[in-house]
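In what follows, a structure is listed as C-alpha cells, so that the remarks can point back to it.
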Amino acid sequence: MKNWLFLFVIFIGHYSVGLTQDMARDTMHIVEVEIIESRRELLSDTERKITIDTSQMHNYLSTDVSYLLSKTSLVNILNYGGEGAQSSISIRGGGSSHTSVLWNGLPINSLTTGGADLSMVNVRGFDEINVIYGASGSVYGSGTFGGVVELNNLLDFHKKKEFNVNAGYGSFSNQKYGFQARVASGQVTYSGQLFVSKIKNDFKYTDQLELGHPTETLTHNQTEGYGMIHNANFKLGKNYLNVGLWYQVKDNNIPGTMGRGKPVSYQNQIDSTLKIAWGYKRVFNNIKAEYQSGWIRDYMLYTDKDPVTMNYRTYSEIGSYRWLNSINTRFYLNDRFDFDVLFRYNYLIGDVTAYQKKVYEHEGGLSVSGRYLFDHSKINISLSQDLNTETSPPLMFSLGGLHQLLSQHITLRGKFGTHYRRPTFNERYWIPGGNVNLKSEKGYGFEFGADWKKNINASDFVLLKTSFFLTNNEEMILWMPTLSGNSEPQNSSEVMSRGIEVDFHWLKTLGKSDLNFYIRYGFNDSYYNDESDVNYKQNLAYKPKHIIRTNVVYGLKNLDLSLNNSFQSKTEATSGWLMKEVFLTDVICNYRFKSLHLEGQFKVENVFNESYQMVYAYPMPGRNYYIGINYKF
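Sequence positions in the sequence shown follow the UniProt record's numbering and run 1 to 633.
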C-alpha cells in the first residue's frame, strides 16, 4: 500500500504545473454556480462520476432507479422478481450497504440494514442522477466502498410553468399513473410529482431448478404503491432557502421461489418512508455558509403466514427515525485556493421488534477540505473524523488531482483515499445474533484514469473515459454461524476488489437527425484476501466479472428510436449455485405529437425472451411490452 501511495503522490505532483490560468477563477467574486453547488460537487471532479444521459433517463422514466441503472451503468442490481420487487445495488464488488444513496445530499440508506431499496425510487422524481464510483469516505461519509448514487433536483429560476399528466400500461397487468408540476418565477422555483402504481407481475417462467424445467406462472408477486415528492427553492438576494418532502408507501407480496414445484408464498412486506429536508445558503463577501437538515422516518412491516392455519408465524416491525444536520463554511482565500469546514450532528433511533427495546445513538463529525487550482491542474485534499456513541469510526483521508493536456484533449486524474462503514443497527442490536462489539469496516482505495474528448464541431463529439481501480476492505462484516446455532456478525475477513472501467460516447449529427451512441464496459475481480480464511482467493457472491451496457438513440424531428443492450457474465450465488450470464435487449420508441402537447412511448423489454435470474431462485420476466402517454400543458 505504501508503494502505491508513493507513486500516486508522484503522479499528482508531476501534473500540478502549468503556464496559463484556465483553471483559476477570473475574480474573487463567487459566481452563482458555486453558490448553488454543494461541497460534494466542488470536490467530486477528481472522482469517476457518471451522469445518466437525459435520453437514457427519458427511456426509463416510468420505471424505478434500479431498472434505469441496470440498463445504463456499470452496476449490478439484485432484483427479487421483476419491477416493483425489492432491489439492491452493488458497485465495484461492494454490497448494498457499501453504496450510499443521497437525495439532494441527504443520505437515505436504511439505518437498520444499511442498504437502499431502489425499487422505491422513481426516475421521474429527479432531474439528475449521478453514479460516483468508489467515492471518497472523507467527502461522502460512511458506506462508500462501492460508490454513491446521487438523486438531485436541480435549481432553475428561469420563469416557466409546466405540468404533465402521464399513464402507462404494460404486460402482466402493470399500471402506472403520475402527475408532475414545475413552476419558476425568477425568485421561487417549485417541482413536484404524485405517482401511483399497480403491478401484478404474474408472468410465466421456466423453472430451471425443478426436474424437467416445467413452465410455471409466478403468483403472489403483486406490488402496489403511491407517493409524492416536492421541492421548493427561494432566492432572496444572497440568501438561498430550500425545502423538500418525500412520502411513499409500497405494499409488496413476496413470491415463492423456484425449485419447489408451484410457487407458493404467504410473505408480505409493507414499506413506508417520510423524508423532510430543509436548508439555507448565504454568501458573506468571500465566504459561503450552508446549513442542511433533514428528518427521516422509515417503517417496514414483514409478515409470513402459516399455509394451514393462516396465522402469522412472523410479524416483524422495523422502524427508524433520523434527524440529520450539517453546517458547512467555505473560505475563498484567493483566485486559486479555497477550503471548507463541515460539522455534522445526527440523532438516530431504532424501533424494531427484534431489538426488544428502542435504541438511541448520537453521531457527529468534523471534515476539513481544500482545493488548489493550478493553471491546468487541480488538487483536492480532505480529512474527516466521525464520532459515534456506540462505534469508533477511523480517521478518513483523501487526496485527488487532475491535469488537462490541452493539445491532446486529455484529462488525467488520480485519487487515493480511505473508506469506512459503520455497523448497521441490525448488525449490532438484532436478537438473537446482534454483536454490539462490532468495529467499523475500514480500508482504502485508489484510482487512476484518463478522459479524452474531441469536439468535432459545435454539436458533435467523441468522448472516451478509462479508469483503473483497487479497493481493499480490511474489516469486512459477515454473518457467521455460532455454536448456539444462530448467526452473528463479525469483522471476519479482508476483501479486495480491482478492475478497469471504460466509457465511450459518440454524438453525431446527420442532417436533420442525430445519433447518440454509448458503450460501457467494466471488469471487476472481487475476492476474499485473508490468507487465514477458508475462502481465500474465492470470488464474492453476486459479483460478475464482466458488465457491458450499450445504448443507441436515433433522433429525427419528433421521433426517437433506441436500442439498449445489457450483459453481465456468470457469477455465483451465496449457495454456491452458478448463475448463468445474462444478455438483455430493449427496443424503445418515443414520438412527440407537438400540436396535441402529447408524447407516446412504446417499449419492448427482453426482446429475445431470455430466461434468467438476478437473485438465486427468483425468476425474472421474459419478453414484455409497455405503452405510455404523457400530456403536457
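Just so you know, even glycine gets a beta-carbon here, dropped at the ideal spot from N, CA and C.
Please read all numbers here as calculations on a predicted model, not as lab measurements.
Met258 has its alpha-carbon roughly 32 Å from the corresponding atom of Tyr429. Per DSSP, Arg344 is one residue of the beta strand (DSSP E) stretching across Phe337 to Val352.
Remark: three or more beta-carbon pairs, one from each stretch, lie closer than 8 Å, so the segment 535 to 548 and the segment 62 to 82 are flagged as touching.
When Gln356, Phe425, Arg182 and Thr329 are compared, the shortest CA-CA separation from Phe126 is found for Arg182. Looking at the DSSP output, Trp577 shares a beta bridge with no other residue. Among the bridge pairs identified by DSSP, Gln292 is matched with Gly279 and Ser326. DSSP, read as helix, strand or coil, puts Leu218 in coil. Judged by beta-carbon spacing, Asn565 lies beyond the 8 Å limit of Tyr518, meaning their Cβ atoms are not closer than that value. With contacts defined as CB atoms closer than 8 Å, Leu218 and Asn242 fail to qualify as a contacting pair. Comparing alpha carbon positions, the residue from Tyr631, Tyr616, Asn630 and Arg623 closest to Tyr80 is Tyr616. In this structure, Arg124 is the residue among Arg124, Ser96, Gly93 and Thr99 with its C-alpha nearest to the C-alpha of His58. Burial is judged here by how many other beta carbons sit within 10 angstroms of a residue's own beta carbon; Tyr625 has fewer than 16 and is exposed. Put simply, of Gln56, Thr353, Asn346 and Leu43 the residue whose alpha carbon is nearest the alpha carbon of Ile588 is Gln56. Under a 10 Å Cβ-count criterion, Val436 is classified as exposed, with fewer than 16 other Cβ atoms of the shown protein chains found around its own Cβ. In the pairwise beta carbon analysis, the segment 405 to 412 is classified as not touching the segment 151 to 168: fewer than three pairs are separated by under 8 Å.
In this structure Asn221 touches Gly82 by the C-beta definition: roughly 7 Å separates them, less than 8 Å.
Apart from sequence neighbours up to five positions away, the residues of its chain that approach Asn268 with a beta-carbon distance below 6 Å are Asn253 and Thr303, ordered along the chain. In the DSSP assignment, Thr72 is bridged to no other residue. Take the alpha-carbon of His376 and the one of Ser87: they are about 42 Å apart. About 5 Å separates the beta carbon of Asn325 from that of Tyr345, a gap short enough to meet the 8 Å contact definition.
About 7 Å separates the beta carbon of Tyr355 from that of Ile431, a gap short enough to meet the 8 Å contact definition. The C-alpha of Arg422 is placed about 6 Å away from the C-alpha of Ser142. Taken atom to atom, the span from the alpha-carbon of Ile199 to that of Ile91 is near 28 Å. Residue environment: Phe284 is assigned as exposed (fewer than 16 neighbouring CB atoms within 10 Å of its CB, all protein chains considered). Distance from Ser197 to Glu224 at the Cβ level is roughly 7 Å; contact confirmed, criterion being Cβ atoms closer than 8 Å. The segment 363 to 378 makes no contact with the segment 304 to 321; the number of CB pairs closer than 8 Å stays below 3. A check of alpha carbon separations from Gly147 across Met120, Val121 and Ser100 identifies Ser100 as the nearest.
Per DSSP, the continuous beta strand (DSSP E) segment holding Leu412 begins and ends at Ile410 to Arg421. Three or more beta-carbon pairs separated by less than 8 Å are not found between the segment 457 to 472 and the segment 391 to 407, which leaves the two stretches without contact.
Inter-segment contact for the segment 499 to 514 and the segment 551 to 562 is present: three or more beta-carbon pairs are separated by less than 8 Å. With fewer than 16 other Cβ atoms inside 10 Å of its own Cβ, Leu596 counts as exposed. According to DSSP, Gly95 shares a beta bridge with no other residue.
Taken through DSSP and simplified to helix, strand or coil, Asn426 comes out as helix. For the pair Tyr280 and Asn153, the Cα-to-Cα distance works out to about 16 Å. Fully enclosed beta strand (DSSP E) runs of no fewer than 3 residues occupy 128 to 133 of the segment 122 to 146, in order along the chain.
As DSSP reads the structure, His403 sits in a beta bridge with Ser377 and Leu412.
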